[in-house]
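Notes follow the structure.
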Amino acid sequence: MGIMELFSPVAIAVLGSCVLYLFFRWKNLRGPPCIQGWIPWIGVGFEFGKAPLEFIEKSRIKYGPIFTILAMGKRMTFVTEEEGIDVFLKSKNVDFELAVQDPVYHTARIPKNIFLTLHEKLYVLMKGKMGTFNIHHFTGQLTEEFHEQLEDIGTHGTMDLSKFVRRLFYPATINTLFKKGLFLTDETKVKEFYQHFQTYDEGFEYGSQLPEWLLRNWSKSKRWLLALFEKNIEELRAHESVAGHSVTLIQAMLDIVEMETRRFSPNYGLMMLWASLANAAPVAFWTLGFVLTHPDIHKTVLEGISSVFGTEGKDKIKVSEADLKKLLLIKWCILEAIRLRAPGVITRKVLKPVKILSHTVPPGDLLMMSPFWLHRNPKYFPEPDTFKPERWKEASLDKNAFLDCFMAFGGGKFQCPGRWFALLEVQICIILVLYKYDCRLLDPLPKQSCLHLVGIPQPEGKCRIEYKQRT
Ligand code: HEM
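Per this note's numbering, the sequence shown runs over residues 57 to 527.
Now the structure itself:
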């Protein structure tokens, strides 16, 4: 073989491919272990999609505290222990806004430039209005709203527990944060609203990822909800003309949005609607579910309520900040329910390479953390699978701190701005329900659905509650 033949194009191509192959292998050695399957682009999308929560935990056991999952063209790098979580929460090279912008576009049609321009201003507003200094402004109205709904529910009955809590939460939240009586006027409209919101909520996770033409029903419900906001937007804006009427959260938000553009006000309405309803109602479901299936805890909770409000069950009681402080066990039960039913994942976008343990996570990856699994690590939460409200004794709740490694509300710069509102709503709701009614579950508490990763998981099946007014 002559020397010239050695440099033939074929030989150069083969040699080049070998060098590239070795280069990428070397590069990947520095990256976290990658679970990529054998189908290009799809990766392990099918296995992951079937049971995502299980897949994450199995991968952790097999590959260690940091690993990358390749699915549907996305690289998701999961961190499960201190060092990775620290980077997730604090590094300047990972970003919340760019991680959620795409899902926000798919689910509420808010374009990237508008979202990025307005996000921080809106976040600061929400954080202030629903923060620890101002949260007490909501106590009176929420109590009134829940009373009104409980009156409608009547003196006794049996209902699916999920429906029961939605029936209370949706109107109470909308009337408080949006505008009193905004949607819920006639019965058919209310029913339609429930149906469309439920379809939108159930399909939210797929809707945030997949093209809309694959999700016809979901898309229809999204359009219905957007049209509802379009129709009502003038009414929502009307606060300026009503003297002495204080501005609701959404009205204050629209003032900011409309400094930039009027076009996307309904879209922001939809986004806030979902954020304010999707997690709080399932938390009330799980809290009531856990309390009613733990007789000792149920008894102590009832004794607490009776000691503060009496045993009558008929009065239209007012709940004050001081009352809430006396009923700490109820807050512990809520936080413990949230710990056990925490969101499957939260996410950030990697902007520049970040080093975690001995690996380098490349830019473009989605950095993922699972509050659900973190809360099941016995290193951080002893007996992690047991419902133990008393573990919250250790938390400095009076200083507004949760337990270490409790991550259900996310963390870092953009931690959930609605967390104090959610806790307040659920506390008031549980107090009023258990004050008014003797309650019991007629079915075993269902498992949680393992299909979704976003937000508080829903129950897998039905569970009926029987309620009778106390006499
Ligand atoms: C127990 C119920 C709730 C849970 C578990 C929850 C959880 C979360 C989580 C995990 C995040 C992402 C944070 C991060 O990635 O670091 C978030 C964001 C958010 N939450 Fe909540 N949330 C709840 C209730 C609420 C309520 C009642 C509201 C509104 C009234 C609300 C409004 C929001 C908003 C607007 C964001 C996005 C913040 C941003 O754009 O920066 N949440 N929530």
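Heads up, the beta-carbon is just placed ideally off N, CA and C, and yes, glycines get one too.
Just so we're clear, the structure is a prediction, and the values are computed from it rather than from any experiment.
Cutting at 6 Å between CB atoms, please list the residues of its own chain near residue i, excluding the five before and the five after it.
| i | result |
| --- | --- |
| residue 518 | 216 |
| residue 222 | 337 |
| residue 5 | What the structure shows of the chain is the stretch from 57 to 527, and residue 5 is not part of that stretch, so it cannot be assessed. |
| residue 136 | 116, 121 |
| residue 323 | 164, 165, 166 |
| residue 421 | 131, 133, 406 |
| residue 516 | 502, 503, 505 |
| residue 389 | 343, 347, 445 |
State the DSSP-derived secondary structure class of residue i, mapped to helix, strand or coil.
| i | result |
| --- | --- |
| residue 175 | helix |
| residue 462 | coil |
| residue 404 | strand |
| residue 57 | Note on residue 57: pLDDT 49, under 50, position unreliable in the model; the coordinate value appears next. If DSSP states are grouped into helix, strand and coil, residue 57 belongs with coil. |
| residue 186 | coil |
| residue 420 | coil |
| residue 196 | helix |
| residue 153 | helix |
| residue 216 | strand |
| residue 162 | helix |
| residue 431 | coil |
| residue 520 | strand |
| residue 234 | coil |
| residue 148 | coil |
| residue 136 | coil |
Which value, in whole angstroms, describes the spacing of the CA atoms of residue i and residue j?
| i | j | result |
| --- | --- | --- |
| residue 393 | residue 455 | 21 Å |
| residue 150 | residue 407 | 6 Å |
| residue 356 | residue 385 | 8 Å |
| residue 312 | residue 262 | 30 Å |
| residue 318 | residue 172 | 16 Å |
| residue 430 | residue 463 | 8 Å |
| residue 57 | residue 64 | In this predicted model, residue 57 has a pLDDT of only 49, less than 50, meaning its place in the structure is not dependable enough to derive any value. |
| residue 141 | residue 438 | 19 Å |
| residue 441 | residue 434 | 9 Å |
| residue 446 | residue 478 | 20 Å |
| residue 457 | residue 451 | 7 Å |
| residue 91 | residue 524 | 53 Å |
| residue 410 | residue 148 | 10 Å |
| residue 364 | residue 228 | 23 Å |
| residue 339 | residue 268 | 29 Å |
| residue 187 | residue 310 | 19 Å |
| residue 197 | residue 109 | 38 Å |
| residue 481 | residue 209 | 18 Å |
| residue 426 | residue 509 | 9 Å |
| residue 361 | residue 383 | 7 Å |
| residue 292 | residue 191 | 22 Å |
| residue 461 | residue 359 | 31 Å |
| residue 159 | residue 325 | 16 Å |
| residue 66 | residue 118 | 40 Å |
With a threshold of 8 Å on Cβ separation, who are the neighbours of residue i within its own chain once the five nearest residues in sequence on each side are excluded?
| i | result |
| --- | --- |
| residue 97 | 128, 129 |
| residue 334 | 257, 260, 511, 512 |
| residue 206 | 224, 488, 489, 492 |
| residue 185 | 305, 308 |
| residue 237 | 231 |
| residue 157 | 168, 171, 172 |
| residue 387 | 380, 448, 453, 479, 483 |
In its own chain, which residues sit with a C-beta less than 7 Å from the C-beta of residue i, not counting the 5 before and 5 after it?
| i | result |
| --- | --- |
| residue 424 | 132, 133, 134, 401, 403 |
| residue 466 | 402, 472 |
| residue 220 | 521 |
| residue 212 | 523, 524, 525 |
| residue 174 | 312, 313, 316 |
| residue 277 | 252, 255, 256 |
| residue 375 | 195, 199, 484, 487 |
Taking only beta-carbon atoms, is residue i less than 7 Å away from chain C?
| i | result |
| --- | --- |
| residue 438 | Structure shown: chain C not included; a single protein chain is present. |
Quick check: does the Cβ of residue i come within less than 6 Å of any heavy atom belonging to the ligand ZN?
| i | result |
| --- | --- |
| residue 164 | Ligands in the displayed structure: the ligand HEM; the ligand ZN is not one of them. |
*Write down every uninterrupted run of the alpha helix (DSSP H) in the stretch 334 to 379 whose length is 4 residues or greater and which is fully enclosed by it, in chain order.*
336 to 348, 351 to 365
_alpha helix (DSSP H) runs wholly inside the stretch 263 to 325, at least 4 long, in chain order_ = 272 to 293, 305 to 316
*Output the residue ranges of the beta strand (DSSP E) runs that lie fully inside the stretch 93 to 130 and measure 3 residues or longer, sorted by chain position.*
122 to 127
*What are the start and end residues of each continuous alpha helix (DSSP H) run of 4 or more residues lying completely inside the stretch 437 to 516, in chain order?*
475 to 492
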